[in-house]
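Enquirer:
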Amino acid sequence: MKLNKRVRMVIIPVIVLSYFSVLVVVYLFERSAYLDYENSRLALHLNQLKSSVAQYTTFVEPYFSAFVKSPILRDILTAKDARFSAYSIEGNLETAIDKLKNIEFNSLSLIVVDANEDIKYFYDNGDDPFSEPNENMLMTAKIMLSERKEHQKIIKVEDGKTIYLQADVINPLTQTPPISGDWDNAVAVVAQLDMKLVDRLKTEFKNEMGYVISQKKDDDFSEENHNRFGVHITSALTPQQFIHIESSQSEITKKLLELLFKQIIAWLIFTVASSFFLITLISRYITKPIRILEKQIIAAGEKGADFPEPIDANDEISSLKKSFFNLYSQLRQSYEKTKILAETDGLTKLKNRRIFTEIVGKLISRADKAGKFAILYIDLDNFKFVNDNFGHEAGDILLKEFSDKLRSAVRPTDVVMTKDYGVARIGGDEFSVILNSFDSDSDVIKVSNRIISIFEGGFICSAGCFPVSASIGIAMYPNDGDSAKELIGNADKAMYQAKKGGKNNYSFFSSRLACEAIRELAIEAVLKAKDYSEFVVYYMPVVDAKTTEIVGVEALVRWFSSDLGFVSPVEFIPLAESRGHIKDLDLWIVNCVFDDLPKLHSVIGNDAKVAINISSAQLGSDDIFLKLMQLLQSKNTTSTNIEFEITETFSAVMSDQVRANLNLFKQAGFSLALDDFGAGHTSLVQLFDYPLDVIKIDKSIVDKILDDGKELVVALIVFCKEQGYKVTAEGVETQEQADVLRNAGADYLQGFYFAKPQPLNELTNFIEKQ
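Sequential numbering from 1348 applies to the sequence shown in the numbering used here.
1) Got a sec? Which residues, its chain only, sit under 6 angstroms from Ser1527 by beta carbon, not counting five neighbours each side?
2) Using 8 angstroms for Cβ pairs, my map puts Thr1695 next to Arg1772. What's the rounded Cβ distance?
3) Around the C-beta of Ile1502, are 16 or more other C-beta atoms found within 10 angstroms, so that it is buried, or is it exposed?
4) Considering Ile2042, what are the terminal residues of the beta strand (DSSP E) in which it resides?
5) Can you have a look at Thr1704 and say buried or exposed, based on whether 16 or more other CB atoms are within 10 angstroms of its CB?
6) Can the beta-carbon of Pro1525 be found closer than 8 angstroms to that of Val1516?
7) Check this for me: beta carbons of Tyr2072 and Val1889, under 8 angstroms apart or not?
8) My output table needs one value for Phe1367: the three-state DSSP class, helix, strand or coil.
9) Where does Phe1907 fall in DSSP's three states?
10) So, with DSSP's three-state summary, where would you put His1591?
11) Use the C-beta contact count for Lys1684: other C-beta atoms within 10 angstroms, 16 or more gives buried, fewer gives exposed.
12) Just to confirm before moving on: does the CB-CB distance between Ile1781 and Ile1706 stay below 8 angstroms?
13) Among Glu1377, Asn1938, Thr1425 and Leu1420, which one has its Cα closest to the Cα of Lys1609?
14) Give me the Cα-Cα distance between Lys1543 and Leu1420, rounded to the nearest whole angstrom.
15) By DSSP, does Asp1692 sit in helix, in strand, or in coil?
16) Once the 5 residues before and after Lys2051 are set aside, which same chain residues still bring their CB inside 6 angstroms of it?
17) Could you say which of Val1940, Glu1505 and Ala1401 lies nearest to Val1900 if we only look at CA atoms?
18) According to DSSP, is Phe1737 part of a helix, a strand, or is it coil?
19) Quick one: any contact between the region 1811 to 1822 and the region 1830 to 1847, if contact means 3 or more CB pairs under 8 angstroms?
20) Kindly identify the DSSP beta-bridge partner or partners of Asn1960.
21) State yes or no: is the C-beta of Asn1938 within less than 8 angstroms of the C-beta of Leu1978?
22) At what residues does the beta strand (DSSP E) containing Gln1539 begin and finish?
23) For the beta strand (DSSP E) holding Val1578, just list the boundary residues, first then last.
24) With distances taken from CA atoms, which of Ser2047, Ser1582 and Glu1555 is nearest Ser1398?
25) On the criterion of 16 or more Cβ atoms from any shown chain inside 10 Å, does Glu1896 qualify as buried, or is it exposed?
26) If you scan the region 1702 to 1732 from start to end, which runs of the alpha helix (DSSP H) of 4 or more residues do you find wholly inside it?
27) Return the Cβ separation of Ala1535 and Met1491 in integer angstroms, given the expectation that the two are a contact with Cβ distance under 8 angstroms.
28) Using three-state DSSP, classify Leu1628 as helix, strand or coil.
29) Can you list, in chain order, the stretches of the beta strand (DSSP E) that have 3 or more residues and sit fully within the region 1837 to 1889?
30) Between which residues of its own chain and Ser1809 is the CB-CB distance below 8 angstroms, once the five residues before and five after are set aside?
31) Could you round the C-beta distance between Leu1370 and Ile1590 to whole angstroms and report it? I think they count as a contact, below 8 angstroms.
32) When burial is assigned at 16 or more other CB atoms within 10 Å of the CB, is Asp1933 buried or exposed?
33) Using a Cβ distance threshold of 8 angstroms, determine whether the region 1905 to 1925 contacts the region 1852 to 1864, with at least three qualifying pairs required.
34) Please tell me whether Lys1496 and Thr1585 are closer than 8 angstroms, where the distance is taken between their beta carbons.
35) Can you give, in chain order, each stretch of the beta strand (DSSP E) that sits fully within the region 1761 to 1828 and has at least 3 residues?
36) Work out the CA separation of Gly1577 and Leu1382 for me, nearest whole Å.
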């Protein structure tokens, strides 16, 4: 990831989050301040409403009290000059109303009702001479008389108007609240007026500020649904009645959204501006100098340009440039040395396999210019003999001097480029040459014979004369491959064909070799896919040498391919070992054998052993023992029924891990047998180091019994028996061989004379017929 991008990925999120945090804090603060302001404004307007209500109650209280206690009312109630008294009351009220300029109302009504619900007096200041008493006033008077309430004040909303109603119940004679015995003669005096100023204020608050104003009783105060923002206020108008004001939720939401929008705009502006300035400054003073340094480094590394000597400056970038310049100078010197080491073989100074492969690839990529060319793949025959018998120092001298002679044998006109690039050491005792365009195969043969002639009479060098020769494989471009890997691989295959033909020779890659290579690829594809559906486990009986009764079997794998036909174990076993697929194949065979054990024991006996071949590649694995034990437990069988056979070649790769695995097998109860003894590399002395139970004499030794090898075979069996080993002879094909082996002391025999390998079902039928 580029530094500029990394800076943006670090700085921008930090700025965004920082400013966002500030935005949240400021918004919450502003929101709280706004809601507090709204609550304060509500309180102010509520006070205005209460003040206007107080004006009306202040006006009504004294006049109502004076009226209730006035002699005029007493005259009306006692029927003395009632008409004159009524006129007097009306005159006084109208005079008082005229003097109160700041009291706004549309109507003022008075009513006096006796205990019989008869209206004793009614007054209304309206213009309608036929007006009748208000229903609310009559109802209030009736309720007070029936419930014997002495005094009541009510503020209510009726037909959209706020009404103030005050009522007293008095004794008509004493004009005081009646005692218990006077209630039947009591009268109710009720006054009512509309609060025009209060209604006007309410209308203004609702229209201009969106307030929601309601009046309620004390008993339903708790049922009010308050504003969810908490912007509301409630206050008492009377001991039993309250007024409630709250701001419109939609208005508050709108204001808060406006506030949030402004905050977001400010946040975006500050974020973009801050990010731009910071990134610009960092780019100019940090990343740009680093980019320049990067270009200089790339130019020096990829294009071979000289790294400029830095100017002295007291900053980190200049210090870094200076340090890199010093490092570059040192690396340039080291590079020239390591380049030679990386491209050439340290011993022979020829080009190594990697460079050789690259050269072949380049030639193929420009085939039009390179034209036809050939690859000679050279392997020194019997070179291991020199190392084993004369030491690696002698082997190194041989390789070095052969490389010099190989350069001389290849003329400048033979190779594509120069000798330095046309001749290479592929590895170990293998060399390769790229031959230039030629007219016929005879030109390639001449060069091959010239190389082979180096070894006439043995190879003579400063370390001595050694019986070494050369096998050469030849592959042509473009007929034998269209890639470097394929071309070199086919030359290698041709070299092995030359070895099979007797060594000290050359061999061209042919269609037959190509078919073999294709067959190998097909075999490897099946092994790699672990598709063992066409594989079958065969069992070869092992008989007791004395009684010829079957005492065990050896498990052998056979492959009958629908595409390839019969594939011999000689073909796929070595290929599986060399390509790393043998472990999976071994475990599949072991699993099949474990599945077949119950049926095998049913026909052979519970004491019979089943021998299974284990590849030497498995013996070096650190998990083979654990896998086998897990498989053994899952199949619910015992280790004493299993005998693992190891080939004699395993001694060549004997290691601590191999030795540990063999000991673990023995401790777990498995039997161990050394297979193909006498045909491999195991010496008699090495047998003492192996925890073996059985020695299996190879068929090639058994075949010599009837010739001149009888004494050797007998001595070999006697030696193994004296060391405590059981002996099994393989490849018994005649009665004479069986008799000799039995008399020599062999314990077990197996071979076509007794039975051929066969599938489990056929083996079962074979045993049952005996």
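All C-beta atoms, glycine included, are put in the ideal place defined by N, C-alpha and C.
Expert: Looking at the coordinates:
1) Position 180 of the sequence shown holds residue 1527. Once the five neighbours on either side are set aside, Ser1527 has no close Cβ partner at all.
2) To locate residue 1695, count along the sequence shown from 1; it is residue 348. To locate residue 1772, count along the sequence shown from 1; it is residue 425. Between Arg1772 and Thr1695 the Cβ distance is about 5 angstroms, and since that is below 8 angstroms, they are a contact.
3) What you label residue 1502 is simply residue 155 of the sequence shown in a count that begins at 1. Buried is the call here.
4) On the sequence shown, position 695 is the one that residue 2042 refers to. Val2041 to Ile2044 is the span of the beta strand (DSSP E), which, as asked, contains Ile2042.
5) If you number the sequence shown from 1, residue 1704 lands on position 357. With 16 or more other Cβ atoms within 10 Å, it is buried.
6) The residue you call residue 1525 lines up with position 178 of the sequence shown. The residue you call residue 1516 lines up with position 169 of the sequence shown. Yes, Cβ-Cβ distance for Pro1525 and Val1516 is below 8 angstroms.
7) Translated into positions along the sequence shown, residue 2072 becomes position 725. Translated into positions along the sequence shown, residue 1889 becomes position 542. For Tyr2072 and Val1889, no; Cβs fall outside 8 angstroms.
8) Counting from one through the sequence shown, the residue named residue 1367 turns up at place 20. Phe1367 falls in the helix class under three-state DSSP.
9) Here residue 1907 corresponds to residue number 560 of the sequence shown, with the count starting at 1. If DSSP states are grouped into helix, strand and coil, Phe1907 belongs with the strands.
10) The sequence position of residue 1591 within the sequence shown is 244, counting from 1. Note: His1591 maps to strand in three-state DSSP.
11) Residue mapping note: residue 1684 aligns to position 337 of the sequence shown, counting from 1. That one is exposed.
12) Sequence index remark: in the sequence shown, residue 1781 carries index 434 (1-based). Sequence index remark: in the sequence shown, residue 1706 carries index 359 (1-based). Their beta carbons are under 8 angstroms apart, which means Ile1781 touches Ile1706 by this criterion.
13) Here the question's residue 1609 lines up with position 262 in the sequence shown. For the residues Glu1377, Asn1938, Thr1425 and Leu1420, the minimum Cα distance to Lys1609 belongs to Glu1377.
14) For the purposes of this step, residue 1543 is taken as residue 196 along the sequence shown, with counting starting at 1. For the purposes of this step, residue 1420 is taken as residue 73 along the sequence shown, with counting starting at 1. Those two C-alpha atoms are separated by around 28 angstroms.
15) Your numbering for residue 1692 matches position 345 in the sequence shown. Coil.
16) What you label residue 2051 is simply residue 704 of the sequence shown in a count that begins at 1. Excluding positions up to five away in sequence, the list is empty.
17) Within the sequence shown, numbered from 1, the residue matching residue 1900 stands at position 553. Answer by Cα proximity: Val1940.
18) In the sequence shown, the residue the question calls residue 1737 occupies position 390. Phe1737: helix per DSSP, three-state reduction.
19) yes
20) Reading the sequence shown from its first residue, position 613 is the one you call residue 1960. According to DSSP, Asn1960 bridges with Glu1992.
21) Residue 1938 sits at position 591 when you count from the first residue of the sequence shown. Residue 1978 sits at position 631 when you count from the first residue of the sequence shown. Yes, they are a contact pair.
22) The residue given as residue 1539 occupies position 192 in the sequence shown. From DSSP, the beta strand (DSSP E) with Gln1539 extends over Val1534 to Asp1541.
23) Taking the sequence shown and counting its residues from 1, the one referred to as residue 1578 is at position 231. Neither: Val1578 is in no beta strand (DSSP E) and is coded neither H nor E.
24) Working through the sequence shown from its first residue, we reach residue 1398 at position 51. That would be Ser1582, whose Cα lies nearest to the Cα of Ser1398.
25) Taking the first residue of the sequence shown as 1, we reach residue 1896 at position 549. Looking at its Cβ environment, which holds fewer than 16 other Cβ atoms inside 10 Å, Glu1896 is exposed.
26) 1714 to 1717
27) Indexing the sequence shown from 1 puts residue 1535 at position 188. Indexing the sequence shown from 1 puts residue 1491 at position 144. Yes, Ala1535 and Met1491 are in contact; Cβ-Cβ is about 5 angstroms, under 8 angstroms.
28) To locate residue 1628, count along the sequence shown from 1; it is residue 281. Note: Leu1628 maps to helix in three-state DSSP.
29) 1853 to 1855
30) The residue you call residue 1809 lines up with position 462 of the sequence shown. Excluding sequence neighbours, Ser1809 sits near Ile1744 and Glu1748.
31) The residue you call residue 1370 lines up with position 23 of the sequence shown. The residue you call residue 1590 lines up with position 243 of the sequence shown. That belief does not hold up - the Cβ atoms of Leu1370 and Ile1590 are roughly 38 angstroms apart, past 8 angstroms.
32) The residue given as residue 1933 occupies position 586 in the sequence shown. Answer is buried; the Cβ neighbour count reaches 16.
33) no
34) Taking the sequence shown and counting its residues from 1, one reaches residue 1496 at position 149. Taking the sequence shown and counting its residues from 1, one reaches residue 1585 at position 238. No, these two residues do not count as a Cβ contact at 8 angstroms.
35) 1770 to 1774, 1777 to 1782, 1806 to 1808, 1811 to 1813 and 1816 to 1824
36) Within the sequence shown, numbered from 1, the residue matching residue 1382 stands at position 35. Within the sequence shown, numbered from 1, the residue matching residue 1577 stands at position 230. Roughly 8 angstroms separates the two Cα atoms.
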